[in-house]
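Enquirer:
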(Lines of atoms letter the chains of each structure in order from A; the text may use other names.)
(Lines give C-alpha, C1' and ligand atoms only; values in the text may rest on other atoms or scores of the structure.)
Protein backbone atom coordinates (compact mmCIF):
# COMPACT_ATOMS: atom_id res chain seq x y z
CA UNK A 602 0.00 0.00 0.00
CA UNK A 603 1.14 3.54 -0.79
CA UNK A 604 1.45 5.17 2.61
CA UNK A 605 1.78 8.94 3.05
CA UNK A 606 3.78 10.99 3.57
CA UNK A 607 5.11 10.29 0.08
CA UNK A 608 8.12 12.51 -0.65
CA UNK A 609 8.03 13.20 -4.39
CA UNK A 610 11.38 14.99 -4.25
CA UNK A 611 13.06 11.73 -3.21
CA UNK A 612 10.93 9.46 -5.40
CA UNK A 613 12.23 7.43 -8.30
CA UNK A 614 9.71 7.98 -11.10
CA UNK A 615 9.24 5.88 -14.24
CA UNK A 616 7.55 7.61 -17.20
CA UNK A 617 6.11 5.55 -20.04
CA UNK A 618 3.29 5.67 -22.63
CA UNK A 619 1.71 3.92 -25.63
CA UNK A 620 2.14 6.67 -28.25
CA UNK A 621 5.87 6.07 -28.61
CA UNK A 622 9.15 7.48 -27.39
CA UNK A 623 8.89 10.65 -29.51
CA UNK A 624 5.25 11.51 -28.67
CA UNK A 625 4.52 15.07 -27.51
CA UNK A 626 2.50 13.81 -24.55
CA UNK A 627 5.49 11.83 -23.28
CA UNK A 628 7.67 14.95 -23.42
CA UNK A 629 5.09 16.83 -21.35
CA UNK A 630 4.89 14.08 -18.73
CA UNK A 631 8.68 13.75 -18.59
CA UNK A 632 8.94 17.49 -17.94
CA UNK A 633 6.29 17.26 -15.21
CA UNK A 634 8.06 14.32 -13.57
CA UNK A 635 11.39 16.19 -13.60
CA UNK A 636 9.73 19.16 -11.92
CA UNK A 637 8.76 16.83 -9.06
CA UNK A 638 11.91 14.69 -8.74
CA UNK A 639 15.50 14.54 -9.96
CA UNK A 640 15.36 10.74 -10.29
CA UNK A 641 13.28 10.24 -13.46
CA UNK A 642 13.52 7.37 -15.93
CA UNK A 643 11.77 7.20 -19.30
CA UNK A 644 11.09 3.82 -20.94
CA UNK A 645 8.58 3.84 -23.81
CA UNK A 646 7.76 1.91 -27.00
CA UNK A 647 9.85 2.81 -30.03
CA UNK A 648 6.61 3.17 -32.06
CA UNK A 649 2.94 3.80 -31.40
CA UNK A 650 0.94 1.02 -29.71
CA UNK A 651 -2.46 2.64 -29.24
CA UNK A 652 -5.13 0.03 -28.52
CA UNK A 653 -2.54 -2.56 -27.56
CA UNK A 654 -4.26 -3.10 -24.21
CA UNK A 655 -2.30 -5.32 -21.81
CA UNK A 656 -0.51 -7.36 -24.45
CA UNK A 657 2.97 -8.78 -23.87
CA UNK A 658 5.49 -9.74 -26.55
CA UNK A 659 6.08 -13.47 -26.09
CA UNK A 660 7.08 -14.80 -29.53
CA UNK A 661 10.06 -12.62 -30.41
CA UNK A 662 13.02 -11.07 -28.56
CA UNK A 663 12.89 -7.39 -27.67
CA UNK A 664 15.50 -4.71 -28.28
CA UNK A 665 16.23 -1.87 -25.88
CA UNK A 666 17.83 1.24 -27.34
CA UNK A 667 19.33 3.97 -25.21
CA UNK A 668 18.01 7.38 -26.35
CA UNK A 669 19.73 9.47 -23.69
CA UNK A 670 20.52 9.53 -19.97
CA UNK A 671 17.87 7.38 -18.22
CA UNK A 672 15.81 7.33 -21.44
CA UNK A 673 15.17 4.14 -23.42
CA UNK A 674 13.04 2.92 -26.34
CA UNK A 675 11.77 -0.67 -26.37
CA UNK A 676 10.68 -2.60 -29.46
CA UNK A 677 7.58 -3.85 -27.69
CA UNK A 678 4.27 -2.95 -26.10
CA UNK A 679 3.53 -0.53 -23.24
CA UNK A 680 3.22 -3.46 -20.81
CA UNK A 681 6.58 -4.75 -22.05
CA UNK A 682 8.10 -1.35 -21.29
CA UNK A 683 6.96 -1.28 -17.67
CA UNK A 684 7.98 -4.89 -17.08
CA UNK A 685 11.42 -4.46 -18.66
CA UNK A 686 12.03 -1.09 -17.01
CA UNK A 687 11.37 -2.44 -13.53
CA UNK A 688 13.12 -5.80 -13.95
CA UNK A 689 16.01 -4.98 -16.28
CA UNK A 690 16.71 -1.34 -17.11
CA UNK A 691 16.39 0.45 -13.76
CA UNK A 692 19.08 -0.81 -11.40
CA UNK A 693 19.45 -0.36 -7.67
CA UNK A 694 15.91 0.20 -6.48
CA UNK A 695 12.52 -0.09 -8.12
CA UNK A 696 10.51 2.98 -9.10
CA UNK A 697 8.39 4.50 -6.34
CA UNK A 698 5.84 5.83 -8.84
CA UNK A 699 4.90 5.13 -12.47
CA UNK A 700 3.37 7.82 -14.70
CA UNK A 701 1.93 6.75 -18.07
CA UNK A 702 0.98 9.15 -20.89
CA UNK A 703 0.05 11.78 -21.59
CA UNK A 704 -2.08 9.90 -24.13
CA UNK A 705 -3.14 11.59 -27.35
CA UNK A 706 -6.86 11.15 -26.82
CA UNK A 707 -9.31 9.95 -24.20
CA UNK A 708 -9.18 6.84 -22.08
CA UNK A 709 -12.71 6.97 -20.70
CA UNK A 710 -15.34 4.32 -20.11
CA UNK A 711 -14.66 1.26 -22.26
CA UNK A 712 -11.38 2.80 -23.47
CA UNK A 713 -9.57 1.52 -20.38
CA UNK A 714 -10.02 -2.06 -21.62
CA UNK A 715 -8.27 -1.27 -24.92
CA UNK A 716 -5.77 1.34 -23.74
CA UNK A 717 -2.03 0.75 -23.83
CA UNK A 718 -1.61 3.85 -21.66
CA UNK A 719 -3.74 2.33 -18.91
CA UNK A 720 -2.12 -1.08 -19.40
CA UNK A 721 1.37 0.33 -18.81
CA UNK A 722 0.14 1.75 -15.50
CA UNK A 723 -1.72 -1.46 -14.68
CA UNK A 724 1.45 -3.49 -15.19
CA UNK A 725 3.06 -1.25 -12.61
CA UNK A 726 0.19 -1.83 -10.20
CA UNK A 727 0.54 -5.59 -10.72
CA UNK A 728 4.21 -5.21 -9.74
CA UNK A 729 3.12 -3.44 -6.55
CA UNK A 730 4.09 0.07 -7.68
CA UNK A 731 1.68 3.04 -7.49
CA UNK A 732 0.79 4.09 -11.04
CA UNK A 733 -1.20 6.84 -12.73
CA UNK A 734 -2.35 6.94 -16.37
CA UNK A 735 -2.91 10.36 -17.98
CA UNK A 736 -4.91 11.12 -21.13
CA UNK A 737 -5.67 14.39 -22.93
CA UNK A 738 -9.14 14.19 -24.47
CA UNK A 739 -9.28 15.63 -27.98
CA UNK A 740 -11.97 16.82 -30.35
CA UNK A 741 -10.97 15.70 -33.85
CA UNK A 742 -7.31 16.76 -34.05
CA UNK A 743 -7.50 19.64 -31.55
CA UNK A 744 -5.37 18.90 -28.48
CA UNK A 745 -4.97 21.24 -25.51
CA UNK A 746 -1.69 19.87 -24.20
CA UNK A 747 -1.40 22.93 -21.99
CA UNK A 748 -4.35 21.65 -19.95
CA UNK A 749 -2.56 18.41 -19.09
CA UNK A 750 0.63 20.35 -18.36
CA UNK A 751 -1.16 22.69 -15.94
CA UNK A 752 -3.31 20.21 -14.02
CA UNK A 753 -1.23 17.01 -13.91
CA UNK A 754 1.25 18.20 -11.23
CA UNK A 755 -1.46 19.07 -8.71
CA UNK A 756 -3.32 15.84 -9.45
CA UNK A 757 -0.16 13.81 -8.77
CA UNK A 758 0.53 15.65 -5.51
CA UNK A 759 -3.03 15.15 -4.30
CA UNK A 760 -3.16 11.46 -5.19
CA UNK A 761 0.11 10.53 -3.47
CA UNK A 762 -1.10 12.28 -0.32
CA UNK A 763 -3.59 9.41 0.17
CA UNK A 764 -2.97 5.78 1.13
CA UNK A 765 -4.06 3.45 -1.67
CA UNK A 766 -3.72 -0.30 -2.16
CA UNK A 767 -0.97 -1.71 -4.33
CA UNK A 768 -3.38 -3.58 -6.64
CA UNK A 769 -4.91 -0.33 -7.86
CA UNK A 770 -4.04 2.38 -10.39
CA UNK A 771 -5.43 5.81 -11.19
CA UNK A 772 -6.78 6.99 -14.55
CA UNK A 773 -6.84 10.74 -15.18
CA UNK A 774 -8.47 12.42 -18.19
CA UNK A 775 -8.11 16.10 -19.05
CA UNK A 776 -11.05 17.75 -20.87
CA UNK A 777 -10.63 19.09 -24.45
CA UNK A 778 -10.62 22.76 -23.42
CA UNK A 779 -7.93 25.32 -22.53
CA UNK A 780 -6.95 25.55 -18.84
CA UNK A 781 -9.02 28.68 -18.23
CA UNK A 782 -12.20 26.79 -19.17
CA UNK A 783 -11.60 23.76 -16.93
CA UNK A 784 -14.38 23.45 -14.34
CA UNK A 785 -12.33 21.75 -11.64
CA UNK A 786 -11.16 18.25 -10.78
CA UNK A 787 -13.67 15.52 -9.93
CA UNK A 788 -13.49 11.89 -8.83
CA UNK A 789 -15.85 9.49 -10.60
CA UNK A 790 -16.31 5.85 -11.51
CA UNK A 791 -15.61 4.30 -14.91
CA UNK A 792 -18.56 4.81 -17.27
CA UNK A 793 -20.09 3.28 -20.37
CA UNK A 794 -21.00 5.00 -23.63
CA UNK A 795 -24.49 4.80 -25.10
CA UNK A 796 -23.01 3.69 -28.47
CA UNK A 797 -20.30 1.09 -29.04
CA UNK A 798 -17.24 1.44 -31.29
CA UNK A 799 -17.90 1.82 -35.03
CA UNK A 800 -17.06 -0.79 -37.66
CA UNK A 801 -16.87 0.84 -41.10
CA UNK A 802 -17.01 -0.98 -44.45
CA UNK A 803 -15.02 0.67 -47.25
CA UNK A 804 -12.96 -0.03 -50.37
CA UNK A 805 -9.26 0.52 -50.86
CA UNK A 806 -7.73 2.16 -54.01
CA UNK A 807 -7.77 -1.28 -55.71
CA UNK A 808 -11.51 -1.64 -55.07
CA UNK A 809 -10.98 -4.40 -52.54
CA UNK A 810 -13.42 -4.51 -49.65
CA UNK A 811 -11.86 -3.55 -46.34
CA UNK A 812 -13.13 -2.98 -42.84
CA UNK A 813 -12.00 -0.20 -40.50
CA UNK A 814 -12.47 -0.42 -36.75
CA UNK A 815 -13.12 3.20 -35.95
CA UNK A 816 -13.80 5.26 -32.84
CA UNK A 817 -16.87 5.64 -30.65
CA UNK A 818 -19.48 7.78 -32.48
CA UNK A 819 -20.07 9.92 -29.37
CA UNK A 820 -18.92 10.14 -25.77
CA UNK A 821 -22.50 10.30 -24.49
CA UNK A 822 -22.50 8.36 -21.20
CA UNK A 823 -25.13 5.95 -19.94
CA UNK A 824 -24.82 7.73 -16.58
CA UNK A 825 -23.58 11.32 -16.10
CA UNK A 826 -21.87 10.63 -12.75
CA UNK A 827 -18.94 8.86 -14.41
CA UNK A 828 -15.59 9.72 -15.99
CA UNK A 829 -17.37 10.36 -19.31
CA UNK A 830 -19.87 12.72 -17.73
CA UNK A 831 -17.20 14.56 -15.77
CA UNK A 832 -15.14 15.30 -18.89
CA UNK A 833 -18.27 16.37 -20.82
CA UNK A 834 -18.83 18.92 -18.05
CA UNK A 835 -15.29 20.24 -18.80
CA UNK A 836 -13.70 18.98 -15.59
CA UNK A 837 -10.66 16.76 -15.05
CA UNK A 838 -11.78 13.21 -14.20
CA UNK A 839 -9.91 10.97 -11.76
CA UNK A 840 -10.91 7.29 -11.55
CA UNK A 841 -9.40 4.59 -9.34
CA UNK A 842 -9.16 1.27 -11.21
CA UNK A 843 -8.16 -2.25 -10.22
CA UNK A 844 -7.45 -5.41 -12.17
CA UNK A 845 -9.74 -7.82 -10.31
CA UNK A 846 -12.56 -8.23 -12.86
CA UNK A 847 -14.69 -10.44 -10.60
CA UNK A 848 -18.37 -9.42 -10.49
CA UNK A 849 -18.85 -9.79 -6.74
CA UNK A 850 -22.64 -9.41 -6.73
CA UNK A 851 -23.01 -12.25 -9.24
CA UNK A 852 -20.42 -14.33 -7.39
CA UNK A 853 -22.58 -14.11 -4.28
CA UNK A 854 -25.72 -15.00 -6.25
CA UNK A 855 -24.02 -18.12 -7.68
CA UNK A 856 -23.26 -19.62 -4.28
CA UNK A 857 -24.67 -23.14 -4.15
CA UNK A 858 -25.37 -23.27 -7.88
CA UNK A 859 -23.05 -26.24 -8.39
CA UNK A 860 -22.43 -29.28 -6.17
CA UNK A 861 -19.72 -28.91 -3.57
CA UNK A 862 -16.35 -30.55 -4.45
CA UNK A 863 -15.94 -34.11 -3.23
CA UNK A 864 -12.56 -33.41 -1.69
CA UNK A 865 -11.06 -30.27 -0.16
CA UNK A 866 -9.13 -28.19 -2.66
CA UNK A 867 -5.39 -28.07 -2.02
CA UNK A 868 -3.35 -25.45 -3.82
CA UNK A 869 -0.20 -26.83 -5.35
CA UNK A 870 2.54 -24.79 -7.00
CA UNK A 871 2.38 -25.08 -10.77
CA UNK A 872 5.60 -25.68 -12.68
CA UNK A 873 5.98 -23.57 -15.80
CA UNK A 874 8.45 -23.63 -18.66
CA UNK A 875 8.65 -19.85 -18.85
CA UNK A 876 6.24 -17.11 -19.76
CA UNK A 877 2.49 -17.75 -20.05
CA UNK A 878 1.36 -19.24 -23.34
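In this note's numbering, the protein residues as written are 602 to 878. Where is the CB? At the ideal position from N, CA and C, for every residue including glycine.
According to DSSP, what are the bridge partners of residue 811?
Expert: DSSP output for residue 811 lists 803 as bridge partner(s).
Enquirer: Over the uninterrupted alpha helix (DSSP H) stretch that includes residue 764, give me the two end residues.
Expert: That residue, residue 764, is in no alpha helix (DSSP H); it is neither H nor E in DSSP.
Enquirer: Would residue 655 and residue 619 qualify as a contact pair, given that the criterion is a beta-carbon distance under 8 Å?
Expert: No; because the gap between Cβ atoms is not below 8 Å, this pair is not in contact.
Enquirer: Rounded to whole angstroms, what's the CA-CA distance from residue 613 to residue 695? Just pull it up for me.
Expert: The alpha-carbon atoms of residue 613 and residue 695 are separated by roughly 8 Å.
Enquirer: Secondary structure at residue 787, three-state DSSP: helix, strand or coil?
Expert: Strand.
Enquirer: Quickly, what does DSSP pair residue 642 with across the bridge? List them, please.
Expert: Beta-bridge pairing links residue 642 to 615.
Enquirer: Quick one: any contact between the region 731–750 and the region 629–636, if contact means 3 or more CB pairs under 8 Å?
Expert: Enough Cβ pairs lie closer than 8 Å, so yes.
Enquirer: Identify every residue that forms a DSSP beta bridge with residue 841.
Expert: Beta-bridge pairing links residue 841 to 771.
Enquirer: Could you tell me which whole alpha helix (DSSP H) segments of length 4 or greater appear in the region 677–722?
Expert: With a minimum length of 4 residues, the continuous alpha helix (DSSP H) runs that stay inside the region 677–722 are 679–685 and 712–715.
Enquirer: Measure from the alpha carbon of residue 842 to the alpha carbon of each residue in 744, 792 and 675, then state which is nearest.
Expert: For residue 842, the nearest C-alpha among the options comes from 792.
Enquirer: Which residue or residues does DSSP assign as beta-bridge partners of residue 737?
Expert: In the DSSP output, where bridge partners are listed per residue, residue 737 has 705 and 775.
Enquirer: Beta-carbon within less than 6 Å of residue 837's beta-carbon, same chain only, minus the 5 sequence neighbours each way: which residues are those?
Expert: Closer than 6 Å at Cβ, skipping near neighbours: 752, 775 and 786.
Enquirer: Evaluate residue 854 with the Cβ neighbour count: other Cβ atoms within 10 Å of its Cβ, from every protein chain shown; 16 or more gives buried, anything less gives exposed.
Expert: Per the 10 Å Cβ criterion, exposed.
Enquirer: Between the region 724–732 and the region 703–713, are three or more C-beta pairs nearer than 8 Å?
Expert: At 8 Å Cβ cutoff, the stretches do not touch.
Enquirer: What separation, rounded to the nearest whole angstrom, lies between the Cα atoms of residue 616 and residue 634?
Expert: So the two alpha carbons sit approximately 8 Å from each other.
Enquirer: Inspect the beta-carbon positions of residue 701 and residue 721 and report whether they are closer than 8 Å.
Expert: Yes, these two residues count as a Cβ contact at 8 Å.
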